[in-house]
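Participant: Mind having a look at this structure? Questions to follow.
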Amino acid sequence: MTLSDWTEQQARAALSGAGVPLRIGPFVARVGTRVRELQDALLRLYRRYPVDGPGGIVDWHVRIEAPNPWRRFVGPQVAAYVDGRRRFAPFPRDQAFAMFEWLLNWCTFSRPHQYLILHSAVVERDGRALVLCGRPGAGKSTLCAALALSGWRLFSDEVALIRPGTREIHAAPRPISLKEGSIDVLRQLAPDHPMGPKMAGTRKGTVAHLEAPADAIARAEEPAEARWIVFPRWKAGASTTLTPLGRARAFLEAADNAFNYSLLGEVGFTSLAEVVDASDAYVLEYSDLDDVLGRFDRLASQEAVAS
Amino acid sequence: MVAETRFRVPRGLRLIWRDWADGTIVYHCQSGDTHRLHEVAARVVRAIEDAPRSLDEIATLVAEAAACSLNDETRAQTRELLRGLHARGLVEPTEGGGEAAHDPLGLD
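Quick note, the sequences are listed as chains A and B, same order.
When we follow the numbering used here, the leftmost residue of the first sequence carries the number 1, and every step to the right adds one.
When we follow the numbering used here, the leftmost residue of the second sequence carries the number 1001, and every step to the right adds one.
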């Protein structure tokens, strides 16, 4: 059963009450809010997500609520709660969906230490995972969104979840966060693909979220083996260059982008080493999205021919 | 008679190695630090991990790895290398392979 199988009335009642246990890849987040605009966005962008049954294990209880009724008419705000505890400073009410997504990011970055967690986007084709690794502003999400709309399956625009002792990467697909100019770029690329509200003035400027493709959500429980690790750098006017990177360098760069490498200790080291061993690593510099998509298609095709 | 200073990997330390074409990565299980070692440094630490070595033995290794002759310059480079490895907790000097030396590098 997915959220779209409920009537709107049922869904809003559940969100306003105990919350809806949404399955997002390997995680279950019980999501609740009485903020109507946030309910609208959830019903739009999370409609395809499975709703877990009663009595199941919930990883995170997340709520976004208006904390102060007195501010309803002047500078209305929303506050975020995880497992009953308030987190972060309040956001303007009209940024509630952005706050919700960043709250889920925080849960994913800081909690599930059964995985080695890299700050990266991941897409998959033919059972092979492409990891786009790098700091905010590197262009990962834009590239991830374009790939996800061009025949690659979305795993995540934020994290690579690596199962220790394997070369497997697990998917936790969510709406893809786009910023500023990327919003219009993706609008042109896929004008009919659902997108959430455009929110100006956030801490990351203007942001909007592209709905995760249906296929990504339906197949979220299918992991893939790591095959390529790419460190992208968008640079205005740059021609597309995909330069091989040595594995020792790639290892250190990836470790630097891991949320819990140090926490996991030896397990983190060996897990990342396994993934690096299995992968070809590259530095990507680009400015033309179409050109990059073509390069990655050729990379995947060469792999298909060779195997 | 002063026992010869020998260098060893600290007692109880476990190192995990990974070799790739562009370098060797080693994980220090006690500190949790990860180090990228160039070829010569990796050979030295691995040799010391096998068995404690004297400064002369290590300098010989360095000379072989760098394809140069064993001379004062090689010995000076070896001391510098060992200082760096010691600072990172990868090697320690001992008096004759027993207790850790009081002089941090035991090179005098």
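Glycine residues also receive a C-beta, built at the ideal position from the N, C-alpha and C atoms.
The alpha helix (DSSP H) with residue 12/A in it runs from where to where?
Facilitator: Looking at the DSSP string, the run of the alpha helix (DSSP H) that includes residue 12/A is 8 to 16.
Participant: Under 8 Å by Cβ, that's how I've got residue 173/A and residue 129/A pegged, so tell me the actual separation to the nearest angstrom.
Facilitator: That pair is no contact at about 13 Å.
Participant: If I measure Cβ to Cβ from residue 96/A and keep anything under 7 Å in the same chain, skipping five residues before and after, which residues do I get?
Facilitator: Excluding positions up to five away in sequence, the list reads 35, 37, 38, 64, 78.
Participant: So with Cβ pairs under 8 Å, would you call residue 160/A a contact of chain B?
Facilitator: Answer no: the Cβ-Cβ gap between residue 160/A and chain B never drops below 8 Å.
Participant: Let me check understanding here. Comparing Cα to Cα, which of 261/A, 48/A, 104/A lies closest to residue 31/A?
Facilitator: Looking at the Cα atoms, 104/A is the closest of the given residues.
Participant: Taking the straight line between their C-alpha atoms, what separation do you get for residue 5/A and residue 1013/B?
Facilitator: When rounded, the distance between both Cα atoms is 57 Å.
Participant: Let's test the definition: count the other Cβ atoms within 10 Å of the Cβ of residue 74/A and tell me whether it reaches 16, buried, or not, exposed.
Facilitator: Flag for residue 74/A reads exposed.
Participant: Quick check: what's the CA-CA separation for residue 1024/B versus residue 203/A?
Facilitator: Using only the alpha carbons, I get a separation of about 40 Å.
Participant: Using DSSP with H/G/I as helix, E/B as strand and the rest coil, what is residue 102/A?
Facilitator: If DSSP states are grouped into helix, strand and coil, residue 102/A belongs with the helices.
Participant: Exposed or buried, which one is residue 140/A when buried takes at least 16 other CB atoms within 10 Å?
Facilitator: It is buried - the Cβ of residue 140/A has at least 16 other Cβ atoms within 10 Å.
Participant: Is the shortest distance between the beta-carbon of residue 246/A and the beta-carbons of chain B less than 8 Å?
Facilitator: With 8 Å as the cut-off, residue 246/A counts as an interface residue toward chain B.
Participant: Classify residue 49/A as helix, strand or coil using the three-state DSSP reduction.
Facilitator: Residue state, collapsed to three classes: coil.
Participant: Cβ closer than 9 Å: which chain A residues qualify as neighbours of residue 1021/B?
Facilitator: The contacting residues are 246, 247, 248.
Participant: Taking just the CA atoms, how far does residue 60/A sit from residue 219/A?
Facilitator: Straight-line Cα distance between these residues: approximately 22 Å.
Participant: Can residue 1040/B and residue 1062/B be called in contact, C-beta distance under 8 Å?
Facilitator: Yes, the Cβ-Cβ distance between residue 1040/B and residue 1062/B is below 8 Å.
Participant: Just mark residue 1068/B as buried or exposed, buried being the case when its beta carbon has 16 or more other beta carbons within 10 Å.
Facilitator: Exposed, since its Cβ has fewer than 16 Cβ neighbours within 10 Å.
Participant: Could you check whether the Cβ of residue 1029/B sits closer than 8 Å to any Cβ belonging to chain A?
Facilitator: Judged by the 8 Å Cβ criterion, residue 1029/B is in contact with chain A.
Participant: Any chance you could list the alpha helix (DSSP H) runs of at least 4 consecutive residues sitting entirely within the segment 188 to 242 of chain A, in chain order?
Facilitator: Qualifying alpha helix (DSSP H) stretches, in chain order: 214 to 218.
Participant: What does residue 280/A pair with, by DSSP beta-bridge criteria?
Facilitator: Residue 280/A is bridged to 228/A.
Participant: Can you find the residues in the same chain that come closer than 6 Å, C-beta to C-beta, to residue 91/A, ignoring five residues on each side of it along the sequence?
Facilitator: Excluding sequence neighbours, residue 91/A sits near 78, 99.
Participant: Three-state secondary structure (DSSP) at residue 19/A?
Facilitator: The answer is coil: DSSP assigns residue 19/A none of H, G, I, E or B.
Participant: Starting from the beta carbon of residue 269/A, find every residue of chain B whose beta carbon is closer than 7 Å, and list them in chain order.
Facilitator: Per Cβ cutoff of 7 Å: 1016, 1027, 1034.
Participant: Alpha carbon to alpha carbon, what distance is there between residue 287/A and residue 113/A?
Facilitator: Rounded to the nearest angstrom, the two C-alpha atoms are 35 Å apart.
Participant: From this set, 206/A, 240/A, 54/A, 118/A, which residue's C-alpha is nearest residue 255/A's C-alpha?
Facilitator: Residue 255/A has its Cα closest to that of 118/A, out of 206/A, 240/A, 54/A, 118/A.
Participant: In this structure, how does DSSP classify residue 88/A when only helix, strand and coil are distinguished?
Facilitator: Here residue 88/A sits in strand by DSSP.
Participant: Starting from the beta carbon of residue 1024/B, find every residue of chain A whose beta carbon is closer than 9 Å, and list them in chain order.
Facilitator: By Cβ distance, chain A contributes 248.
Participant: Taking the continuous alpha helix (DSSP H) assigned at residue 144/A, which residues delimit it?
Facilitator: Here the alpha helix (DSSP H) through residue 144/A covers 140 to 148.
Participant: With a threshold of 16 other CB atoms inside 10 Å of the CB of residue 88/A, please say whether the residue is buried or exposed.
Facilitator: Counting Cβ neighbours within 10 Å, residue 88/A comes out exposed, since fewer than 16 surround it.
Participant: Please classify residue 1/A as buried or exposed, where buried requires at least 16 neighbouring CB atoms within 10 angstroms.
Facilitator: Label assigned to residue 1/A: exposed.
Participant: Is any beta-carbon of chain B found at less than 8 Å from that of residue 266/A?
Facilitator: Chain B, which has a Cβ nearer than 8 Å to the Cβ of residue 266/A, makes this yes.
Participant: For chain B, find out if any of its Cβ atoms is closer than 8 Å to the Cβ of residue 100/A; answer yes or no.
Facilitator: No, no contact with chain B.
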